[in-house]
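Right, one structure below, let's go through it.
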Amino acid sequence: MGRKKLAAGNWKMNGVKASLGEIEALVSAFTAPPNCDVLICPPATLVSAMVAVSRGISIGGQDCHANASGAHTGDISAEQLADAGASAVIVGHSERRADHGESDAEVAAKAEAAWRAGLTAVICVGETEAERDAGEALSIVGGQMAGSIPAGATGANTVLAYEPVWAIGTGKVPTLEDIAEMHDYMRAELAKSHPAEAQNIRFLYGGSVKPTNAAEIFAVSNVDGALVGGASLKAADFGGIIKAASEA
Ligand code: PEP
336 MGRKKLAAGN WKMNGVKASL GEIEALVSAF TAPPNCDVLI CPPATLVSAM
386 VAVSRGISIG GQDCHANASG AHTGDISAEQ LADAGASAVI VGHSERRADH
436 GESDAEVAAK AEAAWRAGLT AVICVGETEA ERDAGEALSI VGGQMAGSIP
486 AGATGANTVL AYEPVWAIGT GKVPTLEDIA EMHDYMRAEL AKSHPAEAQN
536 IRFLYGGSVK PTNAAEIFAV SNVDGALVGG ASLKAADFGG IIKAASEA
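If you want it as structure tokens, here you go:
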């Protein structure tokens with residue numbers, strides 16, 4: 336079974352109601368549905384408004400609490416995201432791991448919370464620049480995968496995003512050979528931990544993906560799409576990445 340490409344956008348802490356015009360521009364730019372899946376993860380404040388204008392684009396959250404409800408001021412549960420119309424949620428983004436000290440075990444609990452609410456979990460992993468320079472990129476990502484991907488992961492409920500921390504928002508991108516090495520390694524690791532589903536789970540590359548480099552990245556072995564930050568904020572840029580995913 337082939338894995339359909341996925342173009343996923345992460346708006347991070349950007350966007351207000353006026354930004355919904357970008358989504359309207361994006362959907363009206365496509366006269367026919369693209370030949371790939373599209374997901375946009377806006378700030379939680381915009382999830383339900385974006386669902387209302389998204390016309391076939393899936394909408395997701397950027398994080399969820401592991402619990403369904405309770406005394407967790409400021410947090411959002413997977414069930415609340417689902418109630419707002421989300422169909423997916425990013426968990427373990429490096430900015431959450433760094434800013435909020437999220438451990439692999441917490442990320443795994445959030446992925447299970449996503450499944451409990453019927454959401455797809457987009458589980459993020461990736462090494463820092465110091466770790467890559469030390470020759471530890473594969474072992475760091477392998478360890479994050481072992482700790483962050485629960486046993487129940489399937490192609491239907493999970494997407495894995497490889498995002499080298501040093502490539503996020505910097506304009507720096509690993510070589511295509513380095514991306515291939517990592518994604519091939521991840522597939523092999525998943526085949527050991529999740530043998531029945533390893534070929535079904537999609538792997539996104541994330542880190543300074545632009546319309547200008549998307550096509551070459553999508554052609555790399557075991558790259559099934561992209562998780563895109565900055566370039567997902569503008570309809571013209573994200574539209575170019577969706578087009579590249581459609582044609583890959
Ligand atoms: C991200 O935040 O997940 C990301 C990949 O950001 P950018 O595309 O801006 O590097």
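Position in the sequence shown counted from 1, then plus 335, gives you the numbering used here.
Every residue, glycine too, gets a C-beta built ideally from N, C-alpha and C.
Predicted model, so just to flag it, every value in this text is computed and none were measured.
Just to check, is the beta-carbon of residue i closer than 8 Å to a non-hydrogen atom of the ligand PEP?
| i | result |
| --- | --- |
| Leu381 | no |
| Leu562 | yes |
| His400 | no |
| Thr547 | no |
| Ala579 | no |
| Asn349 | no |
| Cys459 | yes |
Nearest-angstrom Cα distance between residue i and residue j?
| i | j | result |
| --- | --- | --- |
| His529 | Ser474 | 18 Å |
| Thr366 | Ser393 | 17 Å |
| Glu582 | Arg537 | 17 Å |
| Ala523 | Thr547 | 29 Å |
| Ala387 | Ala421 | 11 Å |
| Gly477 | Thr493 | 17 Å |
| Glu343 | Cys399 | As written in the sequence, residue 343 is Ala, which differs from the Glu given in the question. Each residue's Cα considered, the two are about 17 Å apart. |
| Ile357 | Lys569 | Going by the sequence as given, residue 357 is Glu instead of Ile. Each residue's Cα considered, the two are about 6 Å apart. |
| Thr408 | Asn349 | 21 Å |
| Lys340 | Tyr520 | 19 Å |
| Gly542 | Gly560 | 12 Å |
| Thr510 | Ser404 | 43 Å |
| Val351 | Lys527 | 43 Å |
| Ile514 | Tyr540 | 8 Å |
| Leu525 | Asn535 | 10 Å |
Under 9 Å between the Cβ atoms of residue i and residue j?
| i | j | result |
| --- | --- | --- |
| Glu414 | Gly427 | no |
| Pro485 | Gly461 | no |
| Ala449 | Ala440 | no |
| Asp572 | Ala579 | no |
| Leu518 | Ser556 | In the sequence as presented, Leu is not what sits at residue 518; that position holds His. The answer is yes: Cβ separation under 9 Å. |
Is there at least one non-hydrogen atom of the ligand SAH closer than 8 Å to the beta-carbon of residue i?
| i | result |
| --- | --- |
| His435 | Summarising the ligand content, the structure contains the ligand PEP and does not contain the ligand SAH. |
Pull up the CB-CB distance for residue i and residue j, whole angstroms please, since I reckon it's below 8 Å.
| i | j | result |
| --- | --- | --- |
| Leu562 | Ala502 | Not confirmed; about 11 Å, so no contact. |
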